[in-house]
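Asks: Residue numbers (my numbering): 2 to 331.
In this text, a Cβ means the ideal position worked out from N, Cα and C, and glycines have one as well.
Mind having a look at this structure? Questions to follow.
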Amino acid sequence: MVFTPVQAVAFEYDSCGEPAVLERRTRPLSPPGPHEVLVEILTTGVNHMDALIRRGDEREWDADAWPRASGSDFAGIVRLCGPGVTAFRPGSAVIGHVRTGAHATHLIVSVSALVPKPKSVSWEVAGGMYLAGATALTTLEELRIGRDDTIVVSAAAGGVGSIEVQLAKHWGARVIGTCGERNFDYLRQLGIIPVRYGEGIVERIQHVSHGPVTAFIDNFGKDGQGIAEALAVPPGRYRSSADRRDVEAALLRDDPESVRRGTAQLQRLAQLAEQGAFRLLVSGLYPLEDIVEAYEDLDRMHSRGKILLATNPVSTFRVTRARDVHEAMP
Ligand SMILES: NC(=O)c1ccc[n+]([C@@H]2O[C@H](COP(=O)([O-])OP(=O)(O)OC[C@H]3O[C@@H](n4cnc5c(N)ncnc54)[C@H](OP(=O)(O)O)[C@@H]3O)[C@@H](O)[C@H]2O)c1
């Protein structure tokens, strides 16, 4: 078959910095090589880790060549298969991950980084599932969270926290989530006990825990160690924001073993989502072209669930924005 070069739109940057360094560029893609496929991306997630990398705050990315690409989560449709690909065919709906480069319309990717998208999982959810979901799953597995636990999760309404609290609840734990008051109803609907962060948080947690707190995940990264000590969380069952960073960095490495591990976690997440073990709330779905605005809204630190980019939104009128959700609240 004759390969017609695909013109991929991708967001790239030539120097580290704030979201405005991202530039829209069009590049022809070469055909997929052995065990690779060409994916048309429909949705792609926006993560704090992508922003830390773009700002130059992550040493592991220092040696990357320029220009640099952006984005690590995606869902889309396989359009073309390279030699040796048997697991997918043109038209297969997939969820995938990549070290960088997901903020694009098309991507050439190894099949080792893809899993089939379950029909019942929406495109919006699928495209934001990898980094937040695999971080949540890995952290809970390391802590061996189960029915004997009372766990506290900070930033429980955010991208990673909202998955952690739901999975911990699914595995039988009593779950307390810290958030602002506007998120109390959201967490209550998930069966999570909401506690307001800020001064007096230890007493408020003790008031609702009805016994010892056996594990604490600090996503937000403020006063976590002190709160864990005041709650007498057992050593080894506290996860700091820095621990979370390490989990995320490992999930983004592109050596074959790291990719295999990341894909195994993605497969488990897809199954858990299909079973209804968690529901990922999308509070912002932006056209890919509005990537700068999407990052600016993420940086406000008050998004509920995930923010995603879509390559083919039906119309910008129907696109939800985290900014509007946040500013509509009292
Ligand atoms: N250490 C690292 O390398 C690293 C890596 C990734 C992420 N992080 C941090 O982890 C946090 C959560 O990540 P995410 O991906 O879930 O982000 P996200 O989706 O942007 O989550 C934001 C959530 O943080 C909550 N929040 C705001 N101020 C808070 C406070 N003072 N205490 C507790 N929660 C607060 C917000 O709740 P309300 O709207 O209810 O206030 C919101 O639901 C972010 O702050 C991010 O910077 C750190």
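To the nearest angstrom, how far is the alpha carbon of Glu-13 from that of Val-22?
Replies: Locating residue 13 in the sequence shown gives position 12, where the first residue counts as 1. Locating residue 22 in the sequence shown gives position 21, where the first residue counts as 1. Distance between the alpha carbons of Glu-13 and Val-22: 8 Å.
Asks: Please name the residue, chosen from Thr-87, Leu-232, Tyr-131, Leu-141, that lies closest to Gly-173 on a Cα-to-Cα basis.
Replies: Against the sequence shown, residue 173 aligns to sequence position 172. Of Thr-87, Leu-232, Tyr-131, Leu-141, the residue nearest in Cα terms is Leu-141.
Asks: For a test of the three-state rule: what should DSSP assign to Ser-111, helix, strand or coil?
Replies: As a working note, residue 111 is residue 110 in the sequence shown. It is a strand residue.
Asks: Which residues in the same chain have their Cβ closer than 8 Å to the Cβ of Pro-331, if we skip the five residues on either side of it in sequence?
Replies: Counted from its first residue, the sequence shown places residue 331 at position 330. Because Pro-331 sits at a pLDDT of 48, beneath the cut-off of 50, its placement in the model cannot be relied upon, and the point is left open.
Asks: Which runs of the alpha helix (DSSP H) spanning at least 4 residues fall entirely within the stretch 159 to 202, listed in chain order?
Replies: Runs found: 160 to 171, 185 to 190.
Asks: Around the C-beta of His-208, are 16 or more other C-beta atoms found within 10 angstroms, so that it is buried, or is it exposed?
Replies: Numbered from its first residue, the sequence shown carries residue 208 at position 207. Flag for His-208 reads exposed.
Asks: Hey, quick one: how far does the beta strand (DSSP E) through Ala-94 stretch, first residue to last?
Replies: By one-based count along the sequence shown, residue 94 stands at place 93. Looking at the DSSP string, the run of the beta strand (DSSP E) that includes Ala-94 is 94 to 98.
Asks: Does Pro-35 pass the burial test, meaning 16 or more other C-beta atoms within 10 Å, or should it be called exposed?
Replies: For the purposes of this step, residue 35 is identified with residue 34 of the sequence shown, where counting begins at 1. Exposed, since its Cβ has fewer than 16 Cβ neighbours within 10 Å.
Asks: Using DSSP with H/G/I as helix, E/B as strand and the rest coil, what is Glu-258?
Replies: Numbered from its first residue, the sequence shown carries residue 258 at position 257. Helix at Glu-258.
Asks: Can you tell which of Val-122, Asp-247, Arg-305 has its C-alpha closest to the C-alpha of Leu-188?
Replies: Here residue 188 refers to the residue found at position 187 when the sequence shown is read from its first residue. Minimum Cα distance to Leu-188 is reached at Arg-305.
Asks: Taking buried to mean at least 16 other C-beta atoms within 10 Å of its own C-beta, is Lys-118 buried or exposed?
Replies: The residue labelled residue 118 in the question sits at position 117 within the sequence shown. Buried is the call here.
Asks: If we ignore side chains and look at the alpha-carbon of each, how far apart do Gly-18 and Ala-64 end up?
Replies: Position 17 of the sequence shown, counted from the first residue, corresponds to residue 18. Position 63 of the sequence shown, counted from the first residue, corresponds to residue 64. So the two alpha carbons sit approximately 16 Å from each other.
Asks: Ligand 1 heavy atoms versus the CB of Glu-249: any closer than 8 Å?
Replies: Working through the sequence shown from its first residue, we reach residue 249 at position 248. Yes.
Asks: Any heavy atom of ligand 1 within a distance shorter than 8 Å of the CB on Met-130?
Replies: Reading the sequence shown from its first residue, position 129 is the one you call residue 130. No, Cβ of Met-130 sits at least 8 Å from all heavy atoms of ligand 1.
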